[in-house]
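Everything in the sequence shown is counted per full-length UniProt numbering, starting at 1 for the first residue and increasing by one.
Positions of the beta carbon are idealized from the N, C-alpha and C atoms, including for glycine.
Note that the structure is predicted; figures quoted are calculated from it, not measured.
Right, one structure below, let's go through it.
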Amino acid sequence: MFCFTGLVSLDAQTFKNQLYEIWFEEYARDSVKGTSGFETIFVGEVNGTKVVGLNNWYRFYRLEMNNKTNYHGWFNRAKDVHITLQYEWGPFEAFKDAFLMGCSPEFEIAAYTICALSQFKECLFNHTTYQFSMNIETISPPGEMMKITSLAVAQYTGATTTKVTVSQKTTTKGAGDARLQKLVDDMRAADIDRPTHYPDVFQVCQEETPLTADIVHASLLNITFDSFTNTTVFQLALEYLQEIRKRTLNFS
């Protein structure tokens with residue numbers, strides 16, 4: 001079973017407030033506040049001549065359809081599920097970017113949040129017939145809630161890694177966590193916003209679905225957040241985190 005930080009609240013509204021801070025409140029990448037986890041991962045930023053983040057397939061799709069990107073090709077891919085690619089975004093370069101494909105924003109936010117809240121910040125999960133490794137980077141500014149800063153997702157190569165927990169027990173990063181995998185499967189089944197058919201990677205998109213429509217307008221963060229926290233996917237993720245939290249409290 002995954003080991004989680006103490007950030008998960010048993011109260012749904014408190015957890016929503018925490019979630020907003022984790023994803024949408026700005027933090028300082030250098031010295032001045034001006035970025036957020038949502039902006040980095042779902043919208044994309046630039047630093048010098050390089051693209052930072054932009055790990056969302058729908059955001060890339062929108063840029064591609066508006067001739068804002070120059071797609072160079074892919075390094076590896078799992079058809080309709082995941083891609084590692086290289087492209088230019090205007091004058092800025094993404095030498096090696098990666099994202100899941102065909103997921104809704106609520107599926108991605110829920111999955112990335114669960115991974116970020118684990119003590120490992122890395123987790124393995126099966127998606128369709130493929131296995132993936134997900135790494136989440138976070139920071140914890142003094143007196144503030146943890147903030148998500150970056151994401152790396154890749155097809156799992158089969159290499160096993162371990163990390164020593166506070167109790168000095170060597171524990172795998174959740175690769176064999178059946179309950180976590182069931183959650184991923186349940187969220188996938190409840191993911192009504194995901195596209196049901198896409199003959200080409202960036203060709204078809206369901207703009208009429210609520211989350212996908214909201215995410216186009218990155219400035220409407222409150223609407224996006226409220227939409228996400230009213231989905232079945234969010235409820236499944238919350239129930240899972242509350243279950244783990246209760247077990248932790250009972251154990252202690």
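Can you say whether THR128 is buried or exposed, counting buried as having 16 or more other CB atoms within 10 angstroms of its CB? exposed
Let me confirm a value: TYR130 is counted as buried when at least 16 other C-beta atoms fall within 10 Å, else exposed. Which label applies? Exposed is the label assigned to TYR130, since fewer than 16 other Cβ atoms lie within 10 Å of its Cβ.
Which complete alpha helix (DSSP H) runs does the UniProt domain "EndoU" (1-158) hold, if anything under 4 residues is left out? 12-23, 57-65 and 105-117
Using C-beta distances below 8 Å, list every residue in its chain close to VAL233, excluding the 5 sequence neighbours before and after it, in chain order. SER104, GLU106, PHE107, ALA110, MET187, ALA190 and ASP191
Same chain only: Cβ atoms within 6 Å of THR69, ignoring 5 sequence neighbours per side: LEU63, TYR87 and TRP89
Considering only residues of the same chain and omitting the five flanking positions on each side of GLY102, which have a CB-CB separation below 8 Å? TRP57, ASP80, VAL81, ARG194, PRO195 and TYR198
Below 8 Å on the Cβ atoms is my guess for LEU236 versus LEU183; work out the distance and round it to an integer in Å. 6 Å
Span separating the alpha-carbon of ASP226 from that of THR84: Spanning the two alpha carbons is a distance of roughly 31 Å.
Please report how far the alpha carbon of ASN230 lies from the alpha carbon of ASN17, in whole angstroms. 14 Å
So what's ILE244 in DSSP terms, helix, strand or just coil? helix
Three-way DSSP call (helix, strand, coil) for THR231 in this model: coil
C-alpha gap between THR171 and LYS96, whole angstroms: Because the pLDDT of THR171 is 35, which lies under 50, any placement of that residue in the model is unreliable, and the question is left without a value.
Beta-carbon contacts of PHE38 that lie in its chain and below 6 Å, excluding the five residues immediately before and after: TRP23 and PHE24
Kindly list the residues whose CB is nearer than 8 Å to the CB of TYR20, restricted to its own chain and excluding five residues on each side of it in sequence; keep chain order. For TYR20, the CB contacts under 8 Å within the same chain, skipping 5 residues up- and downstream, are PHE225 in chain order.
Using the Cβ count rule (16 or more neighbours within 10 Å means buried), how would you classify VAL51? buried
List the whole-angstrom C-beta distance separating THR49 from PHE15, where the pair is believed to meet the contact cut-off of C-beta under 8 Å. So it is not a contact: roughly 39 Å between Cβ atoms.
Rounded separation between residue 253 and LEU249 - CA only: No statement about residue 253 is possible, as the shown extent of the chain runs from 1 to 252 and does not include it.
Residues near SER36 by beta carbon distance below 6 Å, same chain, minus five either side: PHE24 and GLU26
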